[in-house]
Amino acid sequence: MRYTLSTDTLTVTVTLDHSIVKKVTLREADQSVEEAVESAIDLLDEISAYLNGGRVDFLRYAVDLEGLTDFQRRVLGKVRQIPYGVVVTYGMLARELQTSPRAIGNALSRNPAPIVIPCHRVIGKHGIGGFTSGVAIKEYLLQIEGISIDPSSNK
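Mapping of the sequence shown onto this note's numbering: residues 435 to 589, in sequence order.
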């Protein structure tokens, strides 16, 4: 099943298979998306609370990582443990997993459930870094958590 939540800034689409999160897609609100569907499921309620500044723990949601390599699963598993309001660098994760920052970034680009797996909390050594859903959305999510990164330092 697919559910959509829209705010003035962001549209979140959640795809579920029974109670398993298959995918979370983030888009800027002005991009075209499928018609929004009203939903009472817990995940969308919690994403809504998060987007409104609430501290939400998404660890209780199982995420389908089918099709990902063992390495990608390990990276995403580490990222799930990063607390609200905390950022780590690609390099820090790379040292912990004995790999390169680029490999970390590549693994994060395969994240099927942004916000639920908070890859926006991984930043570059000298700036915000990339984000599959767009740097503006990454900045927005970090701002919700009280983190401000100067986007000009990303050059």
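Where a beta carbon is used, it is the ideal one built from N, C-alpha and C, also for glycine. Being a predicted model, the structure only gives us computed values, none of them experimental.
For residue i, the three-state DSSP class (helix, strand or coil)
i    : result
P517 : coil
K456 : strand
E469 : With a pLDDT of 40 at E469, under the threshold of 50, the modelled position of this residue cannot be trusted, and the question is left open.
L527 : helix
D504 : helix
P548 : strand
I538 : helix
R555 : helix
G561 : strand
L499 : coil
Rounded Cβ spacing between residue i and residue j (contact assumed at less than 8 Å)
i    : j    : result
F505 : A541 : 6 Å
Residue range of the unbroken alpha helix (DSSP H) whose run includes residue i
i    : result
I571 : 569 to 578
L485 : 476 to 485
Y439 : A small correction: the amino acid at residue 439 is Leu; Tyr does not occupy that position in the sequence shown. Careful: L439 lies outside any alpha helix (DSSP H), inside the beta strand (DSSP E) at 436 to 440.
Sub-8 Å separation of residue i and residue j beta-carbons
i    : j    : result
L493 : L510 : no
L478 : V497 : no
E573 : I583 : yes
P546 : K456 : yes
Straight-line Cα distance separating residue j from residue i
i    : j    : result
Q515 : G568 : 22 Å
I581 : G519 : 7 Å
E530 : R555 : 16 Å
I571 : D442 : 12 Å
Start and end residues, beta strand (DSSP E) containing residue i
i    : result
L444 : 444 to 451
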